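Peer 1: For the record, the sequence lines run as chains Y and B. Per numbering that gives the first Met the number 0, the very first residue in the first sequence carries number 0; after that it's consecutive. Per numbering that gives the first Met the number 0, the very first residue in the second sequence carries number 0; after that it's consecutive. Glycine residues also receive a C-beta, built at the ideal position from the N, C-alpha and C atoms. All of these numbers come straight from a predicted model, not from anything done at the bench. Below are the structure tokens for one structure; questions will follow.
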Amino acid sequence: MSDTVLESQPDLLVDHDSGTQGDLRTEEMLINMGPQHPSTHGVLRIVLRTDGEMVLEAIPHIGYLHRCAEKIGENVQPYQFIPYTDRMDYLAGMNNNQGFALAIERLAGIEVPARAQVIRVILAELNRIASHLVSLGTYGLDMGAFTAFLYCFREREMILDMFEAACGARLTYSAITVGGVHDDLPEGWIERCREFLDYFEPKINDYNNLLSFNQIFVKRTSRVGIISIDECLAYGATGPMLRGSGLRWDLRKTQPYDGYETYDFEVPIAYPAGVNGVPAGVVVGDCWSRYYVRVLEMTQSVRIIRQAMDRLPEGPTEAPKLKNIKLPDDEVYVEVENPRGQLGFYVRGDGSAIPARVKARGPSFCNLSITTKVCQDVLLADVPAIVGSIDVVMGEVDR
Amino acid sequence: MSAKITPIIELLQKQFSDIDFAPAPLLEMKDKSAEQWCVHVQPSKLFAVMSFLRSDERCSFEQLSDLAGVDYLNFPKAKDRYGIVYSLLSLSKEHRLWVKVFVNDPNPEVPSVVSIWYGATWMEREVWDMFGVRFSDHPDLRRILTWESFEAHPLRKDYPLTGRGEREDFKVITRDSA
Numbered sequence: 000m001s002d003t004v005l006e007s008q009p010d011l012l013v014d015h016d017s018g019t020q021g022d023l024r025t026e027e028m029l030i031n032m033g034p035q036h037p038s039t040h041g042v043l044r045i046v047l048r049t050d051g052e053m054v055l056e057a058i059p060h061i062g063y064l065h066r067c068a069e070k071i072g073e074n075v076q077p078y079q080f081i082p083y084t085d086r087m088d089y090l091a092g093m094n095n096n097q098g099f100a101l102a103i104e105r106l107a108g109i110e111v112p113a114r115a116q117v118i119r120v121i122l123a124e125l126n127r128i129a130s131h132l133v134s135l136g137t138y139g140l141d142m143g144a145f146t147a148f149l150y151c152f153r154e155r156e157m158i159l160d161m162f163e164a165a166c167g168a169r170l171t172y173s174a175i176t177v178g179g180v181h182d183d184l185p186e187g188w189i190e191r192c193r194e195f196l197d198y199f200e201p202k203i204n205d206y207n208n209l210l211s212f213n214q215i216f217v218k219r220t221s222r223v224g225i226i227s228i229d230e231c232l233a234y235g236a237t238g239p240m241l242r243g244s245g246l247r248w249d250l251r252k253t254q255p256y257d258g259y260e261t262y263d264f265e266v267p268i269a270y271p272a273g274v275n276g277v278p279a280g281v282v283v284g285d286c287w288s289r290y291y292v293r294v295l296e297m298t299q300s301v302r303i304i305r306q307a308m309d310r311l312p313e314g315p316t317e318a319p320k321l322k323n324i325k326l327p328d329d330e331v332y333v334e335v336e337n338p339r340g341q342l343g344f345y346v347r348g349d350g351s352a353i354p355a356r357v358k359a360r361g362p363s364f365c366n367l368s369i370t371t372k373v374c375q376d377v378l379l380a381d382v383p384a385i386v387g388s389i390d391v392v393m394g395e396v397d398r
Numbered sequence: 000m001s002a003k004i005t006p007i008i009e010l011l012q013k014q015f016s017d018i019d020f021a022p023a024p025l026l027e028m029k030d031k032s033a034e035q036w037c038v039h040v041q042p043s044k045l046f047a048v049m050s051f052l053r054s055d056e057r058c059s060f061e062q063l064s065d066l067a068g069v070d071y072l073n074f075p076k077a078k079d080r081y082g083i084v085y086s087l088l089s090l091s092k093e094h095r096l097w098v099k100v101f102v103n104d105p106n107p108e109v110p111s112v113v114s115i116w117y118g119a120t121w122m123e124r125e126v127w128d129m130f131g132v133r134f135s136d137h138p139d140l141r142r143i144l145t146w147e148s149f150e151a152h153p154l155r156k157d158y159p160l161t162g163r164g165e166r167e168d169f170k171v172i173t174r175d176s177a
């Protein structure tokens, strides 16, 4: 990693003994990035040990948004904990609801009706698009491209409006609940969703023209923050990070839940420069690859939603007799594919209605732990590029 | 899942014949193939077992998905105080296994697995922060979610939901006294 930077910019070679860089005298300096910083996407604090323009070490400090969600989970009934899962990954509330609901359903042996499963898939995939739109837009913003941000948020706003029509909330939905979904879709919603998808799909091309294949953006993010598959696995980094490093692994395909095995979709991964239209300079596993995997995933989500809407069956949307579910003296671990990676819920029941332990495995938590490894001997300006491409949501890191 | 994991448990029992793994599903299900299997290991043997699970080709658990601490205080029929649950995932073989260790007061300590999976660095720090279980040979065992001078371990069952924080001790300032 450090070699690539230094080879391309030999002026930046640091002579540590004399403390000079080129013909400039430099010294080591500790810089505090955050907890209030626009490109850390929340209350993340990174202490950077710098020497001139080079970052020698980056140490993330987390916990500023710790709200004891797990402790609360041990003291309330599962359906009461659903709203807290919204607030973990507040950009992908639906996916978090779904993860926790699946864990409790598995533990208590609840069967989810077919209609509820399909509605869950529609909502979760729409939320994946909304979450990726925030990720793309703000990443462009970090890299100095303002326009794409406005376009991304325009489309995201439409999805939020649809969520508002479906469940009454724009961010903290609690729409997917234990045993099914809280509300059925309102009349005319499916037609509205179809209209939106027809409008949205060509827009992905616009983002590509505006941002993805923009030379300034490509130069800024390619060959930066390269992470290999082995490093991803060792650090537990999942989701677009793993696929951005070139490993085709998606829980919706490999360990499907809520009927994902019946949908026809592909799992996009990163390709080297020149393959499948990837611009020159890009290396598999760099920031651009991670970014572009998210763009490709949006197309696949559109495909899944279309199939789900075509097959939406009639019937109930919630399992019957859900009052005071007794959790058995057993435990369960369920992982789902959140927009950021594998979101896991470990729930330990003790025979009463309140779980003895609720543990959330936040994908951002594991993805972020790789920062120190990647931000070694990089340029200072590359730190926002790397942190932005990891796409963390601090609510989920700190829980 | 079950069909894939049975040979691994047999392999473990053959490799470590002195350990009683007591394999059991996390949750008994009607669909036996969907059951999630868990083995129990003593803290002293944990590192050897984990190294084997990571490096042996037939197991190849490349990823430590999750590391959860559990406090079994007041838990019905529980013998030990703290449990640590390791969720292992093999992406190449597409199977999962859960490993459990139990430790007790006054000095709960488990060997660290950071040298096997680097991702455990933060996960073990979180368990230390929340439960006060130490991880020997951890390179950087600081608190992670709370601050360094904080003394309690909030996810222990004897830590109350209200009543110990500083907020209650704050002096109430009224309009007149201000």
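For Phe-212 (chain Y), which of Y:Lys-325, Y:Glu-104, Y:Gly-41, Y:Gly-273 has the nearest alpha-carbon?
Peer 2: Per the Cα distances, Y:Gly-273.
Peer 1: List the residues of chain B that Thr-84 (chain Y) touches, going by C-beta distances under 8 Å, in chain order.
Peer 2: Correct list: empty, because the minimum Cβ distance to chain B is about 16 Å.
Peer 1: What does DSSP give as the partner residue(s) for Asp-70 (chain B) in the beta ladder?
Peer 2: Asp-70 (chain B) pairs with B:Tyr-81.
Peer 1: So which of Y:Trp-287, Y:Asp-263, Y:Phe-216 has the shortest CA-CA distance to Gly-245 (chain Y)?
Peer 2: Among Y:Trp-287, Y:Asp-263, Y:Phe-216, the Cα nearest to that of Gly-245 (chain Y) belongs to Y:Trp-287.
Peer 1: Return the Cβ separation of Gly-284 (chain Y) and Ile-226 (chain Y) in integer angstroms, given the expectation that the two are a contact with Cβ distance under 8 Å.
Peer 2: Correct: roughly 5 Å between the Cβ atoms.
Peer 1: On the three-pair Cβ rule with 8 Å, is the stretch 384-394 of chain Y touching the stretch 3-12 of chain B?
Peer 2: The answer is no - the stretch 3-12 of chain B does not touch the stretch 384-394 of chain Y, with fewer than three Cβ pairs under 8 Å.
Peer 1: Please report the straight-line C-alpha distance between Arg-247 (chain Y) and Arg-24 (chain Y), rounded to a whole angstrom.
Peer 2: Approximately 46 Å, taken between the alpha carbons.
Peer 1: Give the C-beta separation of Leu-209 (chain Y) and Ala-147 (chain Y) to the nearest angstrom, bearing in mind that I take them to be a contact with Cβ-Cβ under 8 Å.
Peer 2: Leu-209 (chain Y) to Ala-147 (chain Y), Cβ: 5 Å. Contact.
Peer 1: Excluding five sequence neighbours on each side, which residues of the same chain lie with their C-beta closer than 7 Å to the C-beta of Arg-119 (chain Y)?
Peer 2: Around Arg-119 (chain Y): Gln-97, Ile-175, Val-180, Asp-257.
Peer 1: Taking the beta strand (DSSP E) that Ala-144 (chain Y) belongs to, which residues open and close that run?
Peer 2: Run containing Ala-144 (chain Y): none; DSSP gives neither H nor E here.
Peer 1: Is it buried or exposed, Lys-99 (chain B), if we count other Cβ atoms within 10 angstroms and call 16 or more buried?
Peer 2: The residue in question, Lys-99 (chain B), is buried, as its Cβ has 16 or more Cβ neighbours within 10 Å.
Peer 1: Trp-248 (chain Y) by DSSP, collapsed to three states: which one?
Peer 2: Residue state, collapsed to three classes: coil.
Peer 1: Quick check on the DSSP output: the alpha helix (DSSP H) that includes Ser-288 (chain Y) runs from which residue to which?
Peer 2: Ser-288 (chain Y) -> alpha helix (DSSP H) spans 286-310.
Peer 1: Between which two residues does the alpha helix (DSSP H) containing Gly-387 (chain Y) stretch?
Peer 2: Run containing Gly-387 (chain Y): 381-389, per the alpha helix (DSSP H) assignment.
Peer 1: Which residue wins for smallest C-alpha separation from Lys-156 (chain B), given the options B:Asn-73, B:Trp-146, B:Ser-148, B:Glu-150?
Peer 2: Selected option, being the one with the closest Cα: B:Asn-73.
Peer 1: Put Cys-374 (chain Y) into one of helix, strand or coil per three-state DSSP.
Peer 2: Correct three-state label for Cys-374 (chain Y): coil.
Peer 1: Is it true that the CB of Pro-110 (chain B) sits closer than 9 Å to the CB of Ser-89 (chain B)?
Peer 2: Result no, Cβ atoms of Ser-89 (chain B) and Pro-110 (chain B) do not sit closer than 9 Å.
Peer 1: Note down, in chain order, every chain B residue with its Cβ under 8 Å from the Cβ of Arg-356 (chain Y).
Peer 2: Simply Ala-67, Val-69, Asp-70.
Peer 1: Buried or exposed: Asp-381 (chain Y), going by 16 or more other Cβ atoms within 10 Å of its Cβ?
Peer 2: The residue is buried, with at least 16 neighbouring Cβ atoms inside 10 Å.
Peer 1: Given that a residue counts as buried once 16 or more other Cβ atoms are within 10 Å of its Cβ, and exposed if not, what is Phe-60 (chain B)?
Peer 2: With 16 or more Cβ atoms within 10 Å of its Cβ, Phe-60 (chain B) is classed as buried.
Peer 1: Let's test the definition: count the other Cβ atoms within 10 Å of the Cβ of Glu-125 (chain B) and tell me whether it reaches 16, buried, or not, exposed.
Peer 2: So Glu-125 (chain B) ends up on the buried side.
Peer 1: By the DSSP assignment, the beta strand (DSSP E) with Asp-399 (chain Y) in it spans what residues?
Peer 2: Any property of residue 399 (chain Y) remains undetermined from this structure, which presents chain Y solely from 0 to 398.
Peer 1: Are any of the Cβ atoms in chain B nearer than 9 Å to that of Thr-253 (chain Y)?
Peer 2: Yes - at least one Cβ of chain B is within 9 Å of the one on Thr-253 (chain Y).
Peer 1: Would you mind reading off the limits of the alpha helix (DSSP H) that contains Gly-273 (chain Y)?
Peer 2: Where Gly-273 (chain Y) is concerned, there is no enclosing alpha helix (DSSP H), given that its DSSP letter is neither H nor E.
Peer 1: With a threshold of 9 Å between beta carbons, is Leu-26 (chain B) in contact with chain Y?
Peer 2: Interface residue, yes.
Peer 1: Consult DSSP for Arg-95 (chain B) and reduce its assignment to one of helix, strand or coil.
Peer 2: Reduced to three states, the DSSP call for Arg-95 (chain B) is strand.
Peer 1: Among residues of its own chain, excluding the 5 on either side of Ser-86 (chain B), which ones have a beta-carbon nearer than 6 Å to its beta-carbon?
Peer 2: The residues are Ser-64, Asp-65, Trp-97.
Peer 1: Label Asp-19 (chain B) either buried or exposed according to how many other C-beta atoms from any shown protein chain fall within 10 Å of its C-beta, with 16 as the threshold for buried.
Peer 2: Exposed: under 16 other Cβ atoms inside 10 Å.
Peer 1: So with CB distances below 9 Å, who are the chain Y contacts of Trp-116 (chain B)?
Peer 2: Residues of chain Y passing the Cβ test: Leu-232, Ala-233, Tyr-234, Gly-235.
Peer 1: Take Lys-372 (chain Y) as the anchor and find which of Y:Arg-44, Y:Val-54, Y:His-40 has the nearest alpha-carbon.
Peer 2: Minimum Cα distance to Lys-372 (chain Y) is reached at Y:Val-54.
Peer 1: Following the continuous beta strand (DSSP E) through Lys-358 (chain Y), name the residue where it begins and the one where it ends.
Peer 2: Segment 356-360, the beta strand (DSSP E) holding Lys-358 (chain Y).
Peer 1: For Pro-338 (chain Y) versus Asn-94 (chain Y), is the C-beta spacing smaller than 9 Å?
Peer 2: Yes, they are a contact pair.
Peer 1: Using a C-beta cutoff of 9 Å, does Glu-73 (chain Y) count as contacting chain B?
Peer 2: Yes - at least one Cβ of chain B is within 9 Å of the one on Glu-73 (chain Y).
Peer 1: Within 9 Å of any Cβ in chain B, is that where the Cβ of Glu-334 (chain Y) sits?
Peer 2: It does; some Cβ of chain B falls within 9 Å.
Peer 1: Could you have a look at Ile-30 (chain Y) and say whether DSSP puts it in helix, strand or coil?
Peer 2: Of the three classes helix, strand and coil, the one that applies to Ile-30 (chain Y) here is strand, per DSSP.
Peer 1: Can you find a CB in chain B that lies within less than 9 Å of the CB of Asp-257 (chain Y)?
Peer 2: Chain B, which has no Cβ nearer than 9 Å to the Cβ of Asp-257 (chain Y), makes this no.
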